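Accompanying notes for the structure given below.
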């Protein structure tokens with residue numbers, strides 16, 4: 002995964018597939034990570050409003066997507082059923098005037114934590130009260146620099 006900043010906002014997005022797919026397109030691959038290319042106007046994801054172009058898709062349900070191609074991610078999405086939980090990350094700059102507003106919406110964590118699924122899971126539990134249940138073992142240490150947040154995601158390539 003390639004995120005260009007030291008800090009990333011992580012959001013958990015729950016979307017309900019209305020039968021027409023979630024309504025987003027994916028790009029990227031195994032080495033760069035899979036990224037939301039665009040949202041389809043009027044789609045579930047676009048109406049929900051949380052998913053953004055440029056978001057890195059980290060996890061779908063309990064499936065960590067590290068090393069997956071965009072085609073493999075699309076397959077996981079198609080097999081996810083009607084309710085889909087996405088965990089996405091987007092780069093943020095602490096010097097941005099919007100930083101405080103962003104931090105109140107979803108957790109902002111060091112980008113380096115995104116490479117360790119267990120650490121990410123612990124951090125999400127600590128900051129947002131969420132865990133996939135797949136990796137949680139112990140509380141996060143040194144979590145004073147973390148901020149609480151919530152995230153949800155919708156669809157890929159009309160699937």
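Residue numbers (my numbering): 2 to 160. Quick reminder that beta carbons are idealized off the backbone N, C-alpha and C, glycines included. All of these numbers come straight from a predicted model, not from anything done at the bench.
Taking all protein chains in view, the Cβ of residue 28 is surrounded by fewer than 16 other Cβ atoms within 10 Å, so the residue is classified as exposed. Residue 52 is positioned such that its CB atom lies no closer than 7 Å to that of residue 58. According to the DSSP assignment, residue 48 belongs to the alpha helix (DSSP H) that extends over 45-49.
The Cβ-Cβ distance between residue 56 and residue 89 falls below 7 Å. In the assembly as shown, residue 42 is an exposed residue. Its beta-carbon has fewer than 16 other beta-carbons within 10 Å. In the DSSP assignment, the residues bridged to residue 10 are 91, 109. Between residue 50 and residue 86, the CB-CB gap reaches or exceeds 7 Å. The beta carbons of residue 92 and residue 6 sit closer together than 7 Å. For residue 78, the enclosing alpha helix (DSSP H) starts and ends at 71-79. The secondary-structure analysis by DSSP pairs residue 26 across a beta bridge with 39.
Among the bridge pairs identified by DSSP, residue 15 is matched with 86.
In the displayed model, residue 59 falls within a strand according to three-state DSSP. Each residue's CA atom was taken as its position, placing residue 81 and residue 22 some 11 Å apart. Within the same chain, 68, 69, 70 come within 8 Å of residue 31 by CB-CB distance, once the 5 residues on both sides are set aside. Taking every protein chain shown into account, the CB of residue 95 has fewer than 16 other CB atoms within 10 angstroms, so this residue is exposed.
Around the beta carbon of residue 12, a 10 Å sphere encloses 16 or more other beta carbons of the protein chains shown; the residue is thus reported as buried.
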